[in-house]
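Mind the numbering: the sequence shown is residues 1 to 428 in full-length UniProt numbering, read in order.
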Amino acid sequence: MSAADMEPPRRPGLARAHQVHRFLGRLHEVLDTVDSDRVWSLSAVELGECLREAYAAQARLSELTLALLAQAGSSGLAAHDGAVSLPAWLREQVRLAPGVAKREVTLAGGLAERRLVREGLAAGAFPPASAAVVVSALDALPPEVDAEVVVRAEQHLVGEAHAHDTGVLRRVADHLDEVLDPDGADRRLAVQLARAEARAARRAFCRLRHDETTQTTDGMFRVPLVQGVRLQRMLEALLNPGRPDPIDPIDPGTGLRLSGEELRGRALAELVDRIPKGTLPRTGGCDPVVVVTMDLATLLGGLQAAHLDTGDAVSPGTARRLAARCGIIPAVLGSSSEVLDLGRRARFFTVKQRLAMTVQQGGVCAVEGCGRPAASADAHHLHQWRHGGRTDLKDGVLVCRPHHTYADHPDYRVERLRPGHIRLHRRQ
Numbered sequence: 001m002s003a004a005d006m007e008p009p010r011r012p013g014l015a016r017a018h019q020v021h022r023f024l025g026r027l028h029e030v031l032d033t034v035d036s037d038r039v040w041s042l043s044a045v046e047l048g049e050c051l052r053e054a055y056a057a058q059a060r061l062s063e064l065t066l067a068l069l070a071q072a073g074s075s076g077l078a079a080h081d082g083a084v085s086l087p088a089w090l091r092e093q094v095r096l097a098p099g100v101a102k103r104e105v106t107l108a109g110g111l112a113e114r115r116l117v118r119e120g121l122a123a124g125a126f127p128p129a130s131a132a133v134v135v136s137a138l139d140a141l142p143p144e145v146d147a148e149v150v151v152r153a154e155q156h157l158v159g160e161a162h163a164h165d166t167g168v169l170r171r172v173a174d175h176l177d178e179v180l181d182p183d184g185a186d187r188r189l190a191v192q193l194a195r196a197e198a199r200a201a202r203r204a205f206c207r208l209r210h211d212e213t214t215q216t217t218d219g220m221f222r223v224p225l226v227q228g229v230r231l232q233r234m235l236e237a238l239l240n241p242g243r244p245d246p247i248d249p250i251d252p253g254t255g256l257r258l259s260g261e262e263l264r265g266r267a268l269a270e271l272v273d274r275i276p277k278g279t280l281p282r283t284g285g286c287d288p289v290v291v292v293t294m295d296l297a298t299l300l301g302g303l304q305a306a307h308l309d310t311g312d313a314v315s316p317g318t319a320r321r322l323a324a325r326c327g328i329i330p331a332v333l334g335s336s337s338e339v340l341d342l343g344r345r346a347r348f349f350t351v352k353q354r355l356a357m358t359v360q361q362g363g364v365c366a367v368e369g370c371g372r373p374a375a376s377a378d379a380h381h382l383h384q385w386r387h388g389g390r391t392d393l394k395d396g397v398l399v400c401r402p403h404h405t406y407a408d409h410p411d412y413r414v415e416r417l418r419p420g421h422i423r424l425h426r427r428q
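Structure representation (structure tokens):
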């Protein structure tokens, strides 16, 4: 492709009666005489001066371009040329990306109403990006703000644009209310923050996925800012290299240094293990615990895998370590898979019964085909209490709330299938 092929489209034969049209024609003619390959010969002083003048000229030309764009919008140029919109015209004629074209049109329309911003840009006092920040901040002012206040706001921001770069100007614009109306700004900020906090609480979520093959849990979460910062501080404390037992930053398997994400993952796992028992609400009558089921041989050093109450398998070594931790219940089974011992987790026998039922039922509701978690289920007497039933492990199952309603209803009968498993039948 030749240089001529890359030149912007111009119509040499078109009469240039208007001064703007003539200026742009002369501008192209002058630019055609400039050899950018020779900038190497500029001295340091000349180079600095040329850069400042080039950026100022770019800003001034940008103001003219935006003025032309605003006029194109008001005169209906897009429709005249068969384009569906002015951004579409820019995409077709100037090859701007859709988002850029839309922002240019928006800025042109806003700049047409902001005389001070337009004059500063036309003088080359600040770059187009700063003009966009000022226009956006002024457009964001509430409609009830007095016109006099808007003028003061424009004066203030244009002054800041003369003195600061675009990044600093953006931070100033974010706090424009504090300059115009300090007392009212505090009230509005308080209302905005309260709304944002309520919205953050509504948008909170947590998604976890357990993978038995890799023995990992991954997921995503979103929590309000304050809780997120608290979590960050907790992880930072656990990652403190000055603690007596710091987390090893070296991967023992590879000998490589762990990344920040990997270190935070280890800290998060330790944080979960450090949560004291008895500090969280109970669910289904029990503290939030994990039941690890193993046979007696595994507990004493055997090699058979153990299972969590979620159904996931863990190694024998992990099972024995878990058995010694708070919030972990070792359910030791005999040769016939009967529960021999439930550890020493709580003082009330009813809690142990519920845990034994959870193990017996595989962690889910006892009703055949129901997969609701047993942790939030109700304890149900198969032989009803009012008819002489006993609070005994052989006579109890955990059923979810909906199925518990059916199990107690006279229109239904309960069929025992095997220990910890039942089927409901509607009476004929």
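We treat Cβ as the ideally placed atom computed from N, Cα and C, and that holds for glycine.
Quantities reported herein were computed from a predicted structural model and do not represent experimental measurements.
- Distance check between E212 and each of G260, K102 and A313 places A313 closest, using alpha-carbon atoms only.
- Counting the other Cβ atoms within 10 Å of the Cβ of L417 gives fewer than 16, which makes it exposed.
- Between H380 and the set G369, Y406, V359 and C370, the nearest pair of CA atoms involves Y406.
- C206 has F221 as its beta-bridge partners, per DSSP.
- Judged by DSSP in its simplified three-state form, A375 adopts helix.
- I250 is bridged by DSSP to R257.
- The C-beta separation of A131 from A70 comes to about 13 Å, leaving the pair out of contact by the 8 Å criterion.
- Closest option to G99, judged by alpha-carbon separation, among A374, P87, G369 and V133: P87.
- Scanning M357, R354, V351 and V399 for the CA closest to the CA of G369 turns up V399.
- Across the structure, Q428 and R266 are spaced so that their CA atoms are roughly 58 Å apart.
- Comparing alpha-carbon positions, the option among H21, S136, M234 and L239 lying closest to I275 turns out to be M234.
- Ranked by Cα distance from R423, the options A366, H383 and T391 are led by A366.
- By the neighbour-count criterion, in which a residue is buried when 16 or more other Cβ atoms sit within 10 angstroms of its Cβ, D146 is exposed.
- Listed in chain order, the non-local C-beta contacts of L42 below 8 Å within the same chain comprise C50, local neighbours out to five positions each way being set aside.
- Counting only runs of at least 4 residues, the stretch 80-104 fully encloses the following alpha helix (DSSP H) elements, listed from N- to C-terminal order: 86-93.
- In this structure, the beta-carbon distance from T391 to Q361 does not fall below 9 Å.
- L96 places its beta carbon 9 Å or farther from that of V135.
- Classified as buried, L138 has 16 or more neighbouring CB atoms from the shown chains inside 10 Å of its CB.
- Annotation: the continuous beta strand (DSSP E) that includes E415 extends over Y412 to R418.
- Closest in alpha carbon position to L208, among R202, R199, M220 and A67, is M220.
- DSSP, read as helix, strand or coil, puts T213 in coil.
- The Cβ-Cβ distance between G124 and Y55 falls below 9 Å.
- Taking all protein chains in view, the Cβ of D378 is crowded by 16 or more other Cβ atoms within 10 Å, so the residue is classified as buried.
- Taken atom to atom, the span from the alpha-carbon of D183 to that of V226 is near 25 Å.
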